[in-house]
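Participant: The structure under discussion is supplied below as structure tokens; questions concerning it will follow.
Chains as they are written, first to last, in the numbering used here: chain C, 2 to 475; chain H, 2 to 475.
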């Protein structure tokens, strides 16, 4: 650790100032997510006994940034230099004391934002960090963000897990927990869920959930916000900003940890969350129009549907399936979710029967194991045209059927002609993979089981109800 | 189709007869699952317009049998021959009329069992098939089994999906639906779930679910029976045989399709099931000690736990986790399933605190992100020794942690010292894969989310209650 720090001159631009010359905090938080120049401050020597600082972690972040970041990136190894180049954003991965020294150094040099990866900051240190941030008008994410931020559009990836890089999309994630955040990022990367911005909140000395939500409210790359939270410090502000976000036709999903007395106690010690009763959260979420989910899988399954498909205007679902048994499980799941099986009009039934006499037009519609592109296309179109149908679940298995993955290519083309949600279920494991490979970049989300697709349609129906409430109160 | 069929002489052995010389049907059903010689009867020319018969399907079954079957296998192409070698089992994949002709031919030649893959048999044809089976004392599975039977121990695989071959294990599956069966087989193969016997029931002219259950009751390779059913024709017999199976310390899981009025209507047209009210099924399952599940994933997740772990004798679960947030989600899931978080004894707490002062011993126990083999080993052992703990959920994430997949190797060794269930959750997607690669052949089942592991523990607790009821009524 160098004892004397050489300060280079600040080159703050007018970008950081409002028109009246005053400081604009919103402008600054943008540099957390959209910097054009980044420095990574770490040590090639220090290994913390308790804590995450290590040369390996430092190198891993450098690896991700060098490989993915599309703009200017520089490494500052504090063992080799005591000066710092200026940049929009500094990523700091050092023990508390060293972090604070270098935070002040980069702030003086004109940095606009800091992501503090490492933790272990006591109350005094945290207060000091906040004071520095206020003094230098610098926004700080963290400390203890563990993984920081991922923005696939710019290739910004401050995580220390090599190549944990999701694809570009319009689902943004906020996690109050490093572990849950890491699991969410793993899930999104592995299952190719397109991400807008990914944020690990950490200890929140400066930037809090509300600030990030304010940023995401105006982020054109964000359509759905998926949040893992354990508690809230400013419930009222949270509800207000959530309402503003939903007014912009975006949607918010929350997975809340600590719903039981015991787990809430643990959440308190984990993220200092004031947990509050679960009913209070439910009421707040309901008022805001936030959709609550049960687990990580449901969070992403729901987010995918909201990101890709329109809201479902009624609760009547048609199932178009090339297999019998899974269609029955689909019908069960639809009813279990509180939705209903659509009653097709006589006209729809007649049109389908005329063309395919062998198809039993009772919903769920079993279009038989030898159905390929033409039959799916014709029947999906008839069903979507039916005024009694609000949404469609397609089941297109490969195994035991004639359907080939490439046959699925026609489905998004039919679906886009109508403003009704369509979800696709290639029931199984390999079948799911093979059909998902075809549909991954289209607006049709895929699910491996009918139960998950039914839940996704339910969320699209709930979202429609939320939007209706907003339109009434406008 | 040859018009004159040459009949070779039967060589039925005394194996087929009871000691008193009478025919033993149980002996014969064994040849469905454990034949030492198999013939596949199909056509290299016939393509059915409606129905599955085709040269491609015929070739695919031949491919699987040639590749995997460890005993004698011969192909009979009816376009090239009008004689048939004798064998234990014939697989027939032809249209109804041709199937019946060849069924009689192979029966006369001394075949002991037939798997009729293809369907399309009307009532008259089905009756004819049954009459033949009775006349020649041959057991018939099908028609319309679609995929037939898989027995990994012998390499028997009568499916027409190339290389859809699960590994050997002690979970046996019975499916009343070809589509659901195909999805289950895909799931088991892809997620490496070890299979005892896999049966697609089809139209059941002869062999029915009860017959298969009777066979599995005495099958040493079957510990857990996972059933997909849409209805039951002999509910009382089903309950009785299920009770006998559970008395042998095996367990039965059922996924029932057609639980709603609409889907039951569809099930009736799909498998001619007399669906009955869902409450009647619940009562029957409860009486028999059958555990009911909600979907395909829960079916296999529960089966894995029952196949690998002991019943859970109480409802108190400890969570040992290297991450905070996922442990909180685990606690939520445990309580949601009706289980409880164990209160560790003071002795356990003290022992852990003495060795690892940084670990907060409140359950869920957060053993901190840098935990590796030694810490997991020590704390898992203390927790399993604790009399207040009935089962343990381990959470060992890799991402954001120091844990490496090979660190998991020690876990089965510790777990096997105690008769308490242990399940493992490497929360996420890639993390789940990497740790599962290490644990797949050990008695510790892995789950990708705490919610699924909590459900698995719940099933182990339910199974214990079932066994207790049986012991009381013995």
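Glycine included, each C-beta is placed from N, C-alpha and C at the ideal position.
Values in this document were obtained by computation on a predicted structure and should not be read as measured data.
(1) Looking at the secondary structure, which residues open and close the beta strand (DSSP E) in which residue 248 of chain H lies?
(2) With a threshold of 8 Å between beta carbons, is residue 431 of chain H in contact with chain C?
(3) Check for me: the beta strand (DSSP E) holding residue 186 of chain H runs from which residue to which?
(4) Counting only Cβ-Cβ distances shorter than 8 Å, please list the residues of the segment 291-305 of chain C near chain H, keeping chain order.
(5) Closest Cβ-Cβ distance between residue 210 of chain C and chain H: below 8 Å?
(6) If the criterion is Cβ atoms closer than 8 Å, does the pair residue 88 of chain C and residue 40 of chain C meet it?
(7) Mind pulling the chain H residues with CB within less than 8 Å of residue 407 of chain C?
(8) Can you tell me where the beta strand (DSSP E) with residue 394 of chain H in it begins and where it stops?
(9) Please list, in chain order, the chain H residues whose beta carbon lies closer than 9 Å to that of residue 1 of chain C.
(10) Suppose only complete runs of 4+ residues qualify. What are the alpha helix (DSSP H) ranges in the segment 130-214 of chain H, listed by chain order?
(11) Tell me which residues share the same chain as residue 22 of chain C and place their Cβ nearer than 6 Å to its Cβ, disregarding the 5 neighbours each side in the sequence.
(12) Let's test the definition: count the other Cβ atoms within 10 Å of the Cβ of residue 262 of chain C and tell me whether it reaches 16, buried, or not, exposed.
(13) Answer yes or no: does any C-beta atom of chain H fall closer than 8 Å to that of residue 458 of chain C?
(14) Let me see if you follow: with CB-CB separation under 8 Å, is residue 168 of chain C close to chain H or not?
(15) Is any beta-carbon of chain H found at less than 8 Å from that of residue 191 of chain C?
(16) Between the segment 44-77 of chain H and chain C, which residues of the former have CB atoms less than 8 Å from a CB of the latter, in chain order?
(17) Quick one: any contact between the segment 204-211 of chain C and the segment 139-147 of chain C, if contact means 3 or more CB pairs under 8 Å?
(18) Can you tell me the Cα-Cα spacing of residue 102 of chain H and residue 202 of chain H, whole angstroms?
(19) At which residues does the beta strand (DSSP E) containing residue 42 of chain H begin and terminate?
(20) Compute the distance between the beta-carbons of residue 409 of chain H and residue 440 of chain H, then report whether it is under 8 Å.
(21) Measuring only the C-alpha atoms, how far is residue 431 of chain H from residue 456 of chain H?
(22) Are the Cβ atoms of residue 340 of chain C and residue 378 of chain C separated by less than 8 Å?
(23) Residues of chain H with CB under 9 Å from residue 357 of chain C, in chain order?
(24) Ignoring anything shorter than 4 residues or poking outside the segment 417-445 of chain C, list the alpha helix (DSSP H) runs there in chain order.
(25) Here's the rule: buried if 16 or more other CB atoms are within 10 angstroms of the residue's CB, otherwise exposed. What is residue 462 of chain H?
(26) Once DSSP output is grouped into helix, strand and coil, what is the label at residue 314 of chain H?
(27) Kindly list the residues whose CB is nearer than 6 Å to the CB of residue 217 of chain H, restricted to its own chain and excluding five residues on each side of it in sequence; keep chain order.
(28) Please report how far the alpha carbon of residue 314 of chain H lies from the alpha carbon of residue 472 of chain H, in whole angstroms.
(29) For a contact defined as C-beta to C-beta under 7 Å, what are the partners of residue 261 of chain C on chain H?
(30) Identify whether residue 89 of chain C lies in helix, strand or coil by the three-state DSSP scheme.
(31) What residues are listed by DSSP as bridge partners for residue 293 of chain H?
(32) For a minimum of 4 consecutive residues, which ranges assigned as the alpha helix (DSSP H) are wholly contained in the segment 42-110 of chain C?
(33) Using CA coordinates, which residue listed in C:33, C:257 and C:65 is at the minimum distance from residue 329 of chain H?
(34) Going by DSSP, what residue range makes up the alpha helix (DSSP H) through residue 386 of chain C?
(35) Answer with buried or exposed for residue 35 of chain H, where buried requires no fewer than 16 other C-beta atoms within 10 angstroms of its C-beta.
(36) Quick one: any contact between the segment 387-401 of chain C and the segment 319-327 of chain C, if contact means 3 or more CB pairs under 8 Å?
Facilitator: Quick look at the numbers:
(1) Counted from its first residue, the second chain places residue 248 of chain H at position 247. No beta strand (DSSP E) holds residue 248 of chain H; the alpha helix (DSSP H) holding it covers 236-248.
(2) Numbered from its first residue, the second chain carries residue 431 of chain H at position 430. Yes, its Cβ sits closer than 8 Å to a Cβ of chain C.
(3) Here the question's residue 186 of chain H lines up with position 185 in the second chain. Counting along the chain, residue 186 of chain H sits inside no beta strand (DSSP E); it lies in the alpha helix (DSSP H) bounded by residues 179-191.
(4) Look at the segment 291-305 of chain C: the residues with a C-beta under 8 Å from a C-beta of chain H are 295, 296, 297 and 298.
(5) Numbered from 1 along the first chain, position 209 holds the residue referred to as residue 210 of chain C. Cβ-Cβ to chain H under 8 Å: no for residue 210 of chain C.
(6) The residue given as residue 88 of chain C occupies position 87 in the first chain. The residue given as residue 40 of chain C occupies position 39 in the first chain. Yes; because the gap between Cβ atoms is below 8 Å, this pair is in contact.
(7) If you number the first chain from 1, residue 407 of chain C lands on position 406. Proximity of chain H to residue 407 of chain C at the Cβ level (cut-off 8 Å) is not reached, the minimal Cβ distance being about 17 Å.
(8) Translated into positions along the second chain, residue 394 of chain H becomes position 393. Residues 392-396.
(9) The displayed coordinates of chain C run from 2 to 475. Any statement about residue 1 of chain C would go beyond what the structure contains.
(10) The qualifying runs are 179-191.
(11) Within the first chain, the letter at position 21 stands for residue 22 of chain C. Residue placement at residue 22 of chain C is flagged as unreliable, the pLDDT there being 45, under the threshold of 50; a coordinate-derived value is accordingly withheld.
(12) Against the first chain, residue 262 of chain C aligns to sequence position 261. Its Cβ having fewer than 16 others within 10 Å, residue 262 of chain C is exposed.
(13) The residue given as residue 458 of chain C occupies position 457 in the first chain. For residue 458 of chain C, no CB of chain H lies under 8 Å from its own CB, so it is not counted at the interface with that chain.
(14) On the first chain, position 167 is the one that residue 168 of chain C refers to. It does not; no Cβ of chain H falls within 8 Å.
(15) Reading the first chain from its first residue, position 190 is the one you call residue 191 of chain C. So, interface residue.
(16) Listed by position, the residues of the segment 44-77 of chain H near chain C (Cβ gap below 8 Å) are 51 and 53.
(17) Because the criterion of three Cβ pairs below 8 Å is met, the segment 204-211 of chain C and the segment 139-147 of chain C touch.
(18) Here residue 102 of chain H corresponds to residue number 101 of the second chain, with the count starting at 1. Here residue 202 of chain H corresponds to residue number 201 of the second chain, with the count starting at 1. Residue 102 of chain H and residue 202 of chain H have their alpha carbons spaced roughly 22 Å apart.
(19) To locate residue 42 of chain H, count along the second chain from 1; it is residue 41. Residue 42 of chain H -> beta strand (DSSP E) spans 38-43.
(20) Translated into positions along the second chain, residue 409 of chain H becomes position 408. Translated into positions along the second chain, residue 440 of chain H becomes position 439. With contacts defined as CB atoms closer than 8 Å, residue 409 of chain H and residue 440 of chain H qualify as a contacting pair.
(21) Translated into the one-based positions of the second chain, residue 431 of chain H becomes position 430. Translated into the one-based positions of the second chain, residue 456 of chain H becomes position 455. Taking the straight line joining both Cα atoms gives about 22 Å.
(22) As a position in the first chain, residue 340 of chain C is number 339, starting the count at 1. As a position in the first chain, residue 378 of chain C is number 377, starting the count at 1. Cβ distance not < 8 Å, so residue 340 of chain C and residue 378 of chain C don't count as in contact.
(23) Taking the first residue of the first chain as 1, we reach residue 357 of chain C at position 356. Here the premise fails: no neighbours, minimum Cβ distance about 11 Å.
(24) For the segment 417-445 of chain C, whole alpha helix (DSSP H) runs of length 4 or above, ordered along the chain, are 431-440.
(25) Counted from its first residue, the second chain places residue 462 of chain H at position 461. It is buried - the Cβ of residue 462 of chain H has at least 16 other Cβ atoms within 10 Å.
(26) Start at 1 with the first residue of the second chain, and residue 314 of chain H comes out as number 313. Annotated three-state conformation of residue 314 of chain H is coil, per DSSP.
(27) Position 216 of the second chain, counting from 1, holds the residue named residue 217 of chain H. Once the five neighbours on either side are set aside, the close Cβ partners of residue 217 of chain H are 173, 223 and 226.
(28) Start at 1 with the first residue of the second chain, and residue 314 of chain H comes out as number 313. Start at 1 with the first residue of the second chain, and residue 472 of chain H comes out as number 471. Their backbone Cα atoms lie some 14 Å apart in a straight line.
(29) For the purposes of this step, residue 261 of chain C is taken as the residue at position 260 of the first chain. Under the 7 Å cutoff, chain H gives 332, 333 and 336.
(30) Here residue 89 of chain C refers to the residue found at position 88 when the first chain is read from its first residue. Coil at residue 89 of chain C, not helix or strand.
(31) Indexing the second chain from 1 puts residue 293 of chain H at position 292. Paired residues: H:255.
(32) Listed in chain order, the complete alpha helix (DSSP H) runs (minimum 4 residues) inside the segment 42-110 of chain C are 56-69 and 97-109.
(33) Along the second chain, one-based indexing puts residue 329 of chain H at 328. Nearest of C:33, C:257 and C:65 to residue 329 of chain H, Cα basis: C:257.
(34) The residue labelled residue 386 of chain C in the question sits at position 385 within the first chain. Unbroken alpha helix (DSSP H) run through residue 386 of chain C: 374-386.
(35) By one-based count along the second chain, residue 35 of chain H stands at place 34. Residue 35 of chain H is buried by the Cβ-count criterion.
(36) Three or more beta-carbon pairs separated by less than 8 Å link the segment 387-401 of chain C to the segment 319-327 of chain C, which places the two stretches in contact.
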